[in-house]
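Data block below; observations after.
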Amino acid sequence: MSRTESSTRQINDPTSVSEQAFAWIDHEIDNLVAELAGNAPLLDRMARYHLGFVTADGDPIPEDERFRLRGKRVRPLIAALTCQTAGGTFDHAAPLAASIELLHNFTLIHDDIQDRSPNRRHRPTVWNIWGDAQAINAGDALFAAAQIGILNSAAPSIAADRLLVIARAFNRMTIDIVRGQVLDLGFEGRDDVTPDDYLQMIQGKTAAIVAFAAWAGALLGGAAAPAARSFADFGMALGIGFQIRDDALGVWGSSEETGKDTADDIRRRKQSLPVLILRALASDDDRSCLEIIFRKEHITEDDVQAILCLFERYGVAHEIEEQVRRYHDDAEAALQRLSATSEREPLDVLHRLTDRLALRST
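Numbering (the working numbering), first residue to last: 5 to 366.
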């Protein structure tokens, strides 16, 4: 295979491109997290532990084991790819992409505290090891480091006023995430949450950061405002579909692949989309059965199986797949609008990544 053929094959392979982008992003994350240490080495250790770089004792984790612990890193990858699609390079996008990943992990640390989640990515959460107060400190530090990364995103192709627009949007997006989390926590214990309520919640909590990543990466790469808006539309649709798939995995995903117990969202009484669809479709008797189970102090395995049977009776899994397909198609349509003004090869990778996320099992 020639060098040209190899290069073409790699850029059309999302896994290969991910590895190239992650090398830049990991380097930038390492630089940003290094600013946390100072005279409080525990802060650096908690951050690096959560990010999958070290053990709880601070021992480095081999590179080949980090992938399982660091998460999918979809958000920074999208920023890197949209930057490249708009004419930029991975190194231009690295500070922005690292900031997006640090912000995402700031929210995860705080989410784990709020949800009392004992484990994430197959090992104990930060609060479960060091306590709530120190975990809050770790999350806050990642948020501050993310802000520094945004200001490090200056590149020859970007004017100062454009960087200011990105920085302002970054903070507005963070507020959207917090609003979404407030809505999500407010859903707990309610039996009147609708699919429209759910959509409003995930637009903030989950999709806003994906839309920002796609939009800001494109701006950083030199895209004009109309093209950047199409990238944002792509990210919003992809983010919504991503969360709907996540909700499906919270019910039907295997513990080996997700790192959580099968049907864990049922045990946690999550007002996820499968539950909301069931509530909308079920008969009065079956809806009453669902509510009785969700009000119980302890949900048994028989209760879980009863709800799974209701999901099957009303075709909830099929309806979920239709929703995922709808948002996948919306994301694809947004990418199609960009085909005439974008670099073809990274755009092809975005198409492949969109397909992969719609079909994922983790």
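For glycine and all other residues, C-beta sits at the position ideal for the given N, C-alpha and C. Predicted, not measured: the structure shown is a model, and the values here were computed from it.
Cβ-based neighbour list, Ala60, same chain, cut-off 6 Å, excluding 5 preceding and 5 following: Along the sequence shown, read from residue 1 onward, the residue named residue 60 stands at position 56. Counting only Cβ-Cβ distances below 6 Å, and skipping sequence neighbours, we find Tyr53, Ile133.
One or two residues paired with Arg127 in a DSSP bridge: Counted from its first residue, the sequence shown places residue 127 at position 123. Answer by DSSP bridge pairing, in chain order: Arg124.
DSSP three-state assignment for Val320, whether helix, strand or coil: Walking along the sequence shown from the start, residue 320 turns up at place 316. Here DSSP, grouped into helix, strand and coil, assigns Val320 to helix.
Pair within 8 Å by beta-carbon distance, Gln138 and Ile248: The sequence position of residue 138 within the sequence shown is 134, counting from 1. The sequence position of residue 248 within the sequence shown is 244, counting from 1. Contact: no.
Rounded distance between the beta-carbons of Thr93 and Ser346, thought under 8 Å: Reading the sequence shown from its first residue, position 342 is the one you call residue 346. Reading the sequence shown from its first residue, position 89 is the one you call residue 93. Actually they are not in contact, since the Cβ atoms of Ser346 and Thr93 sit about 15 Å apart, beyond 8 Å.
Segment limits, alpha helix (DSSP H) that includes Val214: Residue mapping note: residue 214 aligns to position 210 of the sequence shown, counting from 1. Note, Val214: alpha helix (DSSP H), 212 to 224.
Segment contact flag, the region 63 to 73 with the region 322 to 342, C-beta cutoff 8 Å, min 3 pairs: no
Bridge partner(s) assigned by DSSP for Pro64: The count along the sequence shown starts at 1 and reaches residue 64 at position 60. DSSP lists Val58 as partners of Pro64.
Residue nearest to Arg374 in terms of C-alpha spacing, selected from Ala217, Leu203, Ala142: There is no way to answer for residue 374, as the model of the chain reaches only from 5 to 366.
Nearest residue (CA-CA) to Ala222, options His126, Asp237, Ala211, Lys209: The residue labelled residue 222 in the question sits at position 218 within the sequence shown. Out of His126, Asp237, Ala211, Lys209, Asp237 has the C-alpha closest to the C-alpha of Ala222.
Within 8 Å, strictly: CB atoms of Arg127 and His108: The residue labelled residue 127 in the question sits at position 123 within the sequence shown. The residue labelled residue 108 in the question sits at position 104 within the sequence shown. No, these two residues do not count as a Cβ contact at 8 Å.
Enclosing alpha helix (DSSP H) for Asp144 [first to last residue]: On the sequence shown, position 140 is the one that residue 144 refers to. Taken as a continuous stretch (DSSP letters only), the alpha helix (DSSP H) holding Asp144 covers 136 to 155.
Cβ pair Leu121, Ala150 closer than 8 Å: Along the sequence shown, read from residue 1 onward, the residue named residue 121 stands at position 117. Along the sequence shown, read from residue 1 onward, the residue named residue 150 stands at position 146. The question names Leu, but residue 121 is Ser in the sequence shown. Taking 8 Å as the Cβ cut-off, Ser121 and Ala150 do not qualify as a contacting pair.
Inter-residue CB distance, Val308 and Ile270 (contact presumed, cutoff 8 Å): Residue numbering aside, residue 308 sits at position 304 when the sequence shown is read from its first letter. Residue numbering aside, residue 270 sits at position 266 when the sequence shown is read from its first letter. Confirmed, Cβ separation roughly 5 Å.
Secondary structure of Ile303, DSSP reduced to three states: The residue labelled residue 303 in the question sits at position 299 within the sequence shown. Ile303 falls in the coil class under three-state DSSP.
Residue from Asp268, Met240, Gly239 whose Cα sits closest to the Cα of Ala252: As a working mapping, residue 252 is identified with position 248 in the sequence shown. Comparing Cα positions, the closest option is Asp268.
Secondary structure of Ala227, DSSP reduced to three states: Along the sequence shown, one-based indexing puts residue 227 at 223. Three-state result, Ala227: coil.
Cutoff 7 Å; reference Glu23; Cβ partners in own chain excluding five residues on either side: Residue numbering aside, residue 23 sits at position 19 when the sequence shown is read from its first letter. Taken in chain order, the list of residues that qualify is empty.
Coarse secondary structure for Asn43, derived from DSSP in three states: The residue given as residue 43 occupies position 39 in the sequence shown. Here Asn43 sits in coil by DSSP.
Spatially closest choice to Thr190 from Lys209, Thr178, Ile213, by CA coordinates: Against the sequence shown, residue 190 aligns to sequence position 186. Note on residue identity: the sequence assigns Gly, not Thr, to residue 190. Minimum Cα distance to Gly190 is reached at Lys209.
Alpha-carbon spacing of Leu112 relative to Asn123, whole angstroms: Within the sequence shown, numbered from 1, the residue matching residue 112 stands at position 108. Within the sequence shown, numbered from 1, the residue matching residue 123 stands at position 119. Rounded to whole angstroms, Leu112 to Asn123 spans 11 Å at the Cα level.
Coil, strand or helix - Gly257 by DSSP: Taking the first residue of the sequence shown as 1, we reach residue 257 at position 253. Looking at Gly257 - three-state DSSP - the assignment turns out to be coil, as it is neither helix nor strand.
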